[in-house]
């Protein structure tokens, strides 16, 4: 190593400024770290928060990829980059990113910028821990259990188990895996070889994650049976039961039905009560994917859309969508509560047991029992904590009798005070080992707003979508795809002047299908708003305008419709 490197490369600064590397390590003192972070924080506030949510600013500053690569230096350098240059890169990154907190961002099933959620994300990343044991995440393990319990209560579950997942797709995968394990627990040891041919059911408008999970879990795509929907996008319960009976007659074993509460395109809510009756008759696990539409549970005015969800076995709900929490924030819940075979003063999420003395974890595993609900568990001084068959999530993920090596290393470690930790609890309930803390941001939002505050937000979002529907009905050049949307997805075609007052022949529809992509291109280049489009079944491309930002106003929706008309009225196809 050269002499100057061993003495530290100062990157153009004098040694006392400690800006550079020493033996390959960047040197920061507390003052310099704080100074840099304050400057970054100022950029985030000015460019990301204030300008990014300013209705008079662009939703996106679009440039083509080959140009963007030249505008922002994306290379990984060999030497240190000065702080001033890093701050410039931060500004450039915000400038060319889509402003999803903008009131005129209608493109996805998430939008908005909540100050409490953002603060929660900042704090989470500052603490920088993993959500797997009470030892390293004491506050967050308690918090996760509280939030999941509250969500389960809103859904009408009497008991519950649950976990925050890295996306709704993983939540749906948990639902399928849990249903399979419930019917055939030998799957964990014997694998698919020991099982009959199984099949599952989802609607034709259900989320594609069900298809991915079917393949990933080894069930086979040919055994994922898609059920017909009506014209609104709701699953047809009669068609579902016919499909189940047909599968049984063919020698298949139905084990799982995925119902949807808020489909991603049409926003349909499946008839949950009727589907639950079908599942009960055939002894099939019912899962509800309410990743998108679950927010309606917070509203007394709109929660009827999920009537019957309390009859389901499990559900997926993403607060980062309609509730406006920062990405990602996704809960999986099941009503099948753990069998508590030990006495607990409270349930922390990683199953903390309250005792009144020191306790040593070591090799022996003696099961903890309780004589009465009021009797504290009596622990032998020479025995360790057994992991009982108590969590349905944990049981189907990993063998409860074997600890991973990192937890075996805890043997002989003494914890003082009143807590003894079941180290295997949260890691064994999840596919992952380490998990990002996703609960704090939604907990802080809920603490700030309360149930009543969230109810007001949900009512505002739904009411705005209803206003948009009525506005489209009376505006020339617009045609609704679904006359009465259930969720806050509003789907419509825009008809340019060249196609108005014409017979709607197959050729006319083919031409209309070209309109939305042309308008979207103009929209993106101008940056005035973002609205998605897609075809669906026999329907040609149409706009899907999603209302999920609680700060969006009726004026914003009027602007969006007027802007689409300005961009598209002179299009010729």
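Numbering (UniProt numbering), first residue to last: 1 to 573.
Yeah, the Cβ is synthetic: ideal placement off N, Cα and C, and Gly gets one too.
- In the DSSP secondary-structure assignment, residue 315 is bridged to 288, 333.
- Inter-residue distance for residue 61 and residue 128 is about 32 Å (C-alpha atoms, whole angstroms).
- Between the alpha carbons of residue 445 and residue 67 lies a distance of about 39 Å.
- For residue 199, the enclosing beta strand (DSSP E) has its first and last residue at 198-203.
- Assignment of alpha helix (DSSP H) within the region 63-114, counting only whole runs of 4 or more residues, yields 65-71, 83-95 in chain order.
- Taking all protein chains in view, the Cβ of residue 181 is crowded by 16 or more other Cβ atoms within 10 Å, so the residue is classified as buried.
- At a Cβ-Cβ threshold of 8 Å, residue 176 and residue 213 count as neighbours.
- Residue 102 sits buried, since 16 or more C-beta atoms from the chains shown fall within 10 Å of its C-beta.
- A direct Cα-Cα distance of roughly 27 Å separates residue 491 from residue 170.
- Under a 10 Å Cβ-count criterion, residue 255 is classified as buried, with 16 or more other Cβ atoms of the shown protein chains found around its own Cβ.
- Closest in C-alpha terms to residue 249, from the list 113, 282, 231, comes 282.
- Looking only at 314, 573, 55, the smallest Cα-Cα distance to residue 337 is reached by 314.
- Close CB contacts of residue 489 within its chain, under the 6 Å cut and outside five residues either way in sequence, are with 267, 544, 546 (chain order).
- Out of 262, 276, 116, 187, the CA that lies nearest to the CA of residue 326 is found in 116.
- Under the three-pair Cβ rule at 8 Å, the region 429-438 does not count as touching the region 296-313.
- The alpha-carbon of residue 162 is positioned some 11 Å away from that of residue 178.
- Pairing residue 192 with residue 253 gives a Cβ-Cβ distance that is not under 8 Å.
- Residues of the same chain with a CB within less than 7 Å of the CB of residue 264, apart from the 5 flanking positions on each side, are 109, 207, 292 in chain order.
- Look at residue 278 here: in three-state DSSP terms it is helix.
- The Cβ atoms of residue 487 and residue 269 lie closer than 8 Å to each other.
- Comparing alpha-carbon positions, the option among 484, 505, 515 lying closest to residue 493 turns out to be 515.
- As the crow flies, the alpha-carbon of residue 318 is around 33 Å from that of residue 565.
- Here residue 229 carries a strand assignment [DSSP, helix/strand/coil].
- Between residue 273 and residue 311, the gap from beta carbon to beta carbon is short of 8 Å.
- For residue 430, no alpha helix (DSSP H) run applies, since DSSP gives it neither H nor E.
- A residue is called buried when at least 16 other Cβ atoms come within 10 angstroms of its Cβ; residue 258 meets this threshold and is buried.
- The three-state secondary structure of residue 532, taken from DSSP, is strand.
- The three-state secondary structure of residue 485, taken from DSSP, is coil.
- Scanning 74, 229, 288 for the CA closest to the CA of residue 93 turns up 74.
- In the three-state reduction of the DSSP assignment, residue 506 falls in the helix class.
- Counted as a single uninterrupted DSSP element, the beta strand (DSSP E) harbouring residue 480 occupies residues 478-480.
- Around the C-beta of residue 219, 16 or more other C-beta atoms lie within 10 Å, and the residue is accordingly described as buried.
- For the pair residue 511 and residue 287, the Cα-to-Cα distance works out to about 40 Å.
- For residue 458, DSSP records no beta bridge to any residue.
- Here the alpha carbon of residue 560 sits roughly 15 Å from the alpha carbon of residue 495.
- Per DSSP, reduced to three states, the secondary structure at residue 495 is coil, with no helix or strand assignment.
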